[in-house]
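Step one of this worksheet: look at the structure below.
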Amino acid sequence: MADTTKSPSLEKQPMEYRPSFFKATMAIVQKDLSAEFRSRELLSAMLVFSMLVILIFNFALELDIKVRQSVTAGVLWTTFAFAGTLGLNRSMAVEKDRGCMDGLLLAPVDRAAIFFGKAISNLAFMLIVEAIVLPLYALLYNEVRIFQPSFLGVILLGSIGYIAVGTLLSAMSVQTRTRDVLLPILLFPVAVPVLLASVKASGGLLNNATFAEILVPLNLLIVYDVIFIAVAFMVFDFVVEE
Amino acid sequence: MQSKPIALTILDIVSIIVLGIASYLALVFAPTEAVMGDVQRVFYFHIGTAWVGLVGFVLAAVSGIAYLITKDMRWDRFEVAAVEVSTMFFFITIVLGSIWARPAWNTWWTWDPRLTTAAVTELIYIAYFMLRQGIEDPDKRARFGAVYALLGGLSAPITFMVIRLFRTIHPVVIGNQSAEAQGGFSMTPDMRTAFFFALFAFTIIFIDMMWHRIRLGGLQEKVEQLKLNVSI
Numbered sequence: 017m018a019d020t021t022k023s024p025s026l027e028k029q030p031m032e033y034r035p036s037f038f039k040a041t042m043a044i045v046q047k048d049l050s051a052e053f054r055s056r057e058l059l060s061a062m063l064v065f066s067m068l069v070i071l072i073f074n075f076a077l078e079l080d081i082k083v084r085q086s087v088t089a090g091v092l093w094t095t096f097a098f099a100g101t102l103g104l105n106r107s108m109a110v111e112k113d114r115g116c117m118d119g120l121l122l123a124p125v126d127r128a129a130i131f132f133g134k135a136i137s138n139l140a141f142m143l144i145v146e147a148i149v150l151p152l153y154a155l156l157y158n159e160v161r162i163f164q165p166s167f168l169g170v171i172l173l174g175s176i177g178y179i180a181v182g183t184l185l186s187a188m189s190v191q192t193r194t195r196d197v198l199l200p201i202l203l204f205p206v207a208v209p210v211l212l213a214s215v216k217a218s219g220g221l222l223n224n225a226t227f228a229e230i231l232v233p234l235n236l237l238i239v240y241d242v243i244f245i246a247v248a249f250m251v252f253d254f255v256v257e258e
Numbered sequence: 007m008q009s010k011p012i013a014l015t016i017l018d019i020v021s022i023i024v025l026g027i028a029s030y031l032a033l034v035f036a037p038t039e040a041v042m043g044d045v046q047r048v049f050y051f052h053i054g055t056a057w058v059g060l061v062g063f064v065l066a067a068v069s070g071i072a073y074l075i076t077k078d079m080r081w082d083r084f085e086v087a088a089v090e091v092s093t094m095f096f097f098i099t100i101v102l103g104s105i106w107a108r109p110a111w112n113t114w115w116t117w118d119p120r121l122t123t124a125a126v127t128e129l130i131y132i133a134y135f136m137l138r139q140g141i142e143d144p145d146k147r148a149r150f151g152a153v154y155a156l157l158g159g160l161s162a163p164i165t166f167m168v169i170r171l172f173r174t175i176h177p178v179v180i181g182n183q184s185a186e187a188q189g190g191f192s193m194t195p196d197m198r199t200a201f202f203f204a205l206f207a208f209t210i211i212f213i214d215m216m217w218h219r220i221r222l223g224g225l226q227e228k229v230e231q232l233k234l235n236v237s238i
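As they're listed, the protein sequences go chains X and B.
My numbering applies: residue 17 is where the first sequence begins, and numbers increase by one.
My numbering applies: residue 7 is where the second sequence begins, and numbers increase by one.
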């Protein structure tokens, strides 16, 4: 981290050093990831929680082979959505609690870079959790169809949309009185399209649907991702300004 | 203290009159539908309330954008009024729809795209009020409200498109009817009169309520100001 002081651009313009958008984003991602890999608070909580959700589903839905045929996608997406809110809440609460958010806002960088930085690190956490939960699920239920590339692609697209909205809304919910309970209430109704489209597309893939059949939910998923990343990017400024 | 404007009083009276006429047209004037019988009369008010409900949500999203651009508190009051009045009308739509669905579909509720979207939209706007309740600072409340109204307004149509992938039995009376729809019918001229008058009546009532709510928001703000002055 100390190397940044030696970067050539800094030496040239010591007074007006303004990191590029990409650099600022990556700095935030790096900060979040290194903090997380030292404490492992968030990832371990998300992982244990995911396993508990799957365990509960196993008994609540009696996940035998027939039931799994139709509900695997739904179980996985519910698990990811729940674990996702846990991570989103925590990742923003940490910034708020120790006044880090104020520090970030004071930094001479584009506010959108803060949004993208937080969103990318949140996405990274969610993908890490998924990367562990999916093989575990495959192992527990002998469900190797999970590993087809298109299924993983749908998981990625769905996670992107969910995290884009979730990062924006968690930045809002941590600033309210009812912070912890509010995020899921705000997030789930707005994220219904992304969850349903993902379930539809990934469920279709698991049941050997043709590409044409999953094209519509896939398109909607992409539309949702594009619209909500753009909107979150535009309105994030209004959410963090004091 | 400003007193109630005369135009608003007139609009109140007009609202009551048009509601009376719309009720007459829907309950007496319109012919009884051949297959479903009298329960079909719910349709006129069902569409009337749904129409103003949707208009209100669009208005809320638009005024949210307007607030974020101008930072004028009047837009915030407009937005709250739109969401609040629409949430109520939309709830009435759902209840009326259920009353109709029981005899027509033999169930109070089904996870049809329109019904699900209506339920999700209703939940979005309940969350909107919970969000606003949790914030004391009026500026922040207005900003967050505007952002959330915008997100809600964008996500509702996508929700509709996504759920349509599952299946639908909701009839479409105007426009193309889907093959699976149950309980559809075509309107006679008298039904059309009742239908369009109901739309008109609910638009007037909606404007009236919006006006009241915006005025109430202004008064609320004034009371808060006065309280602050007293405490200082």
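By construction, the Cβ of each residue, glycine as well, lies at the ideal position given by its N, Cα and C atoms.
Within the region 76–94 of chain X, not one residue has a Cβ closer than 7 Å to any Cβ of chain B. With respect to the 8 Å criterion, Phe-96 (chain B) and Ala-72 (chain B) are not classified as neighbours on the basis of their beta carbons. Taking the CA atoms as reference points, Ile-162 (chain X) sits about 57 Å from Glu-230 (chain B). In this structure Thr-38 (chain B) does not touch Leu-102 (chain B) by the C-beta definition: roughly 18 Å separates them, more than the 8 Å allowed. Judged by DSSP in its simplified three-state form, Glu-78 (chain X) adopts coil rather than helix or strand.
For Glu-258 (chain X), the secondary structure class from DSSP, reduced to helix, strand or coil, is coil. Closest by C-alpha distance to Lys-47 (chain X), out of X:Leu-120, X:Val-83, X:Asn-105, is X:Leu-120. None of the residues of the region 114–148 of chain X has a beta carbon lying less than 8 Å from any beta carbon of chain B.
Where Asp-78 (chain B) is concerned, there is no enclosing alpha helix (DSSP H), because DSSP gives it neither an H nor an E. No Cβ-Cβ contact shorter than 8 Å links Leu-65 (chain B) with Leu-202 (chain X). Counting other Cβ atoms within 10 Å of its Cβ, Pro-209 (chain X) reaches 16 or more and is therefore classed as buried. Counting every other CB atom within 10 Å of its CB across the protein chains shown gives Ile-179 (chain X) a total of 16 or more, marking it as buried.
For Ser-161 (chain B), the enclosing alpha helix (DSSP H) has its first and last residue at 144–170. Taking all protein chains in view, the Cβ of Val-190 (chain X) is crowded by 16 or more other Cβ atoms within 10 Å, so the residue is classified as buried. Taking C-beta separations shorter than 8 Å and ignoring five residues to either side along the sequence, the partners of Leu-79 (chain X) in its chain run Phe-73, Val-87, Val-91, Tyr-157, following chain order. According to the DSSP secondary-structure assignment, Gly-43 (chain B) is paired through a beta bridge with B:Glu-39. Listed in chain order, the non-local C-beta contacts of Thr-41 (chain X) below 6 Å within the same chain comprise Ala-129, Phe-132, Gly-133, local neighbours out to five positions each way being set aside. DSSP, read as helix, strand or coil, puts Val-170 (chain X) in helix.
Here Gly-115 (chain X) is exposed. Its C-beta has fewer than 16 other C-beta atoms within 10 Å. Looking at X:Gly-174, X:Leu-173, X:Val-149, the one whose alpha-carbon comes closest to that of Leu-68 (chain X) is X:Val-149.
The Cβ-Cβ distance between Ala-133 (chain B) and Met-216 (chain B) does not fall below 8 Å. As the crow flies, the alpha-carbon of Ser-166 (chain X) is around 53 Å from that of His-218 (chain B). Spatial neighbours of Gly-103 (chain X) in its own chain (CB-CB distance under 6 Å, excluding positions within 5 residues in sequence) are listed in chain order as Leu-58, Met-62, Phe-141. DSSP, reduced to helix, strand and coil, places Ala-200 (chain B) within a helical segment of the structure shown. A Cβ-Cβ distance of about 5 Å is found for the pair Val-45 (chain X) and Ser-137 (chain X), placing them in contact under the 8 Å criterion. Residue nearest to Val-64 (chain X) within the set X:Lys-39, X:Val-145, X:Pro-35 is X:Val-145 (criterion: CA-CA distance). Taken through DSSP and simplified to helix, strand or coil, Thr-127 (chain B) comes out as helix.
By the CB criterion at 8 Å, Arg-195 (chain X) and Ala-109 (chain X) fall inside the cutoff. Excluding its 5 nearest sequence neighbours in each direction, Gly-223 (chain B) has C-beta neighbours in its own chain below 7 Å: Arg-83, Val-86, Ala-87, listed in chain order.
For Leu-232 (chain B), not one C-beta of chain X is nearer than 8 Å to its own C-beta. In the structure shown, Glu-159 (chain X) adopts coil according to DSSP, grouped into three states. Residues of chain B with a Cβ closer than 7 Å to the Cβ of Ala-213 (chain X) are, in chain order, Val-168. Straight-line spacing of the CA atoms in Phe-49 (chain B) and Lys-216 (chain X) works out to 32 Å.
Counting of Cβ neighbours within 10 angstroms places Pro-200 (chain X) among the buried residues, the total reaching 16 or more. If you draw a straight line from the Cα of Val-255 (chain X) to the Cα of Gly-151 (chain B), it comes to about 10 Å.
When the five nearest sequence neighbours on each side are left out, the beta carbons in the same chain lying within less than 8 Å of the beta carbon of Thr-95 (chain X) are those of Ser-66, Val-69, Ile-70, Phe-73, Val-149, in order along the chain.
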